[in-house]
Amino acid sequence: GAGVSQTPSNKVTEKGKYVELRCDPISGHTALYWYRQSLGQGPEFLIYFQGTGAADDSGLPNDRFFAVRPEGSVSTLKIQRTERGDSAVYLCASSVGHSGEQYFGPGTRLTVT
Amino acid sequence: TQLLEQSPQFLSIQEGENLTVYCNSSSVFSSLQWYRQEPGEGPVLLVTVVTGGEVKKLKRLTFQFGDARKDSSLHITAAQPGDTGLYLCAGAYQNFVFGPGTRLSVLP
Chain A
3 GAGVSQTPSN
13 KVTEKGKYVE
23 LRCDPISGHT
33 ALYWYRQSLG
43 QGPEFLIYFQ
53 GTGAADDSGL
63 PNDRFFAVRP
73 EGSVSTLKIQ
83 RTERGDSAVY
93 LCASSVGHSG
103 EQYFGPGTRL
113 TVT
Chain B
679 TQLLEQSPQF
689 LSIQEGENLT
699 VYCNSSSVFS
709 SLQWYRQEPG
719 EGPVLLVTVV
729 TGGEVKKLKR
739 LTFQFGDARK
749 DSSLHITAAQ
759 PGDTGLYLCA
769 GAYQNFVFGP
779 GTRLSVLP
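Residue numbers (my numbering), protein chains in the order written: chain A, 3 to 115; chain B, 679 to 786.
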């Protein structure tokens, strides 16, 4: 595909469960970003990858959140022991470089019941 | 903490009217971006402004970056229902900081 894709589009899970959210960036984009967007708010930065390494993970709210990008393309955001407050749309974006135009995926809507 | 504020929070206007939305911060950004987001989709970049005082035009949209690179405005001329959406500004610092957005509704 030509754009950024995210799976699943919707995820409903019970409090305390573990979830994984996947992002497929645009081919050749070295920078990848994860954001969280709550209802009525703008996206909140979580983590930024340059290649395989996390260049900035200062936005991760706590140690329940972790993200990987082992081969420098697909990334997975992992949330352990989910809480109701984790409910939000999780957006992924990729760009050619850190200062390049970010292309966003459609997001994964996570609902923790 | 890099904080961006946007005003107004909500705006509902009739087709054909002009409008301006604002993005303000107490911090200086190296660049500022404007995005439009529709329900169920990710934000789509409209423009990036880099130089203080810069003005960019995109059809009926005019973007201005403040001289001190702390604020920006987006002016839409003769709004159309297709302009409806959430308008977000984002400042580039170590990472990107987004404002809360202005939700625009243009009624036919």
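C-beta: ideal position from N, C-alpha, C; glycine also.
Predicted, not measured: the structure shown is a model, and the values here were computed from it.
*D58(A) versus chain B: which residues are under 8 Å apart at the beta carbon?*
Q772, N773
*Hey, is E719(B)'s beta-carbon within less than 8 Å of any beta-carbon in chain A?*
yes
*Confirm, please, whether the CB-CB distance from V722(B) to Y765(B) is below 8 Å.*
no
*Taking only runs of the beta strand (DSSP E) that begin and end inside the region 52–82 of chain A, which ones reach a length of at least 3 residues, in chain order?*
55–58, 67–70, 77–81
*Closest Cα partner of Q82(A) within the set S40(A), Q52(A), F67(A), C25(A)*: F67(A)
*Are G720(B) and F51(A) closer than 8 Å when you measure CB to CB?*
no
*asked:* For S709(B) and V728(B), which I take to be in contact (beta-carbon distance under 8 Å), what is that distance rounded to the nearest angstrom?
replied: 5 Å
_Against chain A, does F776(B) count as a neighbour if the rule is that its beta carbon must be under 8 Å from one of theirs?_
yes
*In angstroms with no decimal places, state the Cα-to-Cα distance between V784(B) and P72(A).*
44 Å
*In whole angstroms, what is the alpha-carbon distance linking V30(A) and V98(A)?*
Strictly speaking, residue 30(A) in this sequence is Gly, with Val absent from that position. Cα to Cα, the separation comes out at about 7 Å.
_Using only the alpha-carbon positions, how far apart do S704(B) and E85(A) sit?_
33 Å
_Between G109(A) and Q8(A), how many whole angstroms is the CB-CB distance? I'm expecting something under 8 Å._
6 Å
*What span of residues does the beta strand (DSSP E) with R747(B) cover, start to end?*
Note, R747(B): premise wrong, no beta strand (DSSP E); not H, not E.
*Quick one: Cα of V706(B) to Cα of L736(B), how far?*
24 Å
*Which two residues bound the contiguous beta strand (DSSP E) that contains D26(A)?*
21–26
*Alpha carbon to alpha carbon, what distance is there between L62(A) and E22(A)?*
15 Å
*G109(A) - DSSP class collapsed to helix/strand/coil*: coil
*Taking buried to mean at least 16 other C-beta atoms within 10 Å of its own C-beta, is G53(A) buried or exposed?*
exposed
_Short-range partners of chain A found in the region 750–771 of chain B, where Cβ spacing is below 9 Å_ = L764, L766, C767, A768, A770
*Name the two residues that bound the continuous beta strand (DSSP E) containing Q39(A).*
33–39
*Measuring alpha carbon to alpha carbon, tell me which of D749(B), A746(B), Q758(B) ends up nearest L739(B).*
Q758(B)
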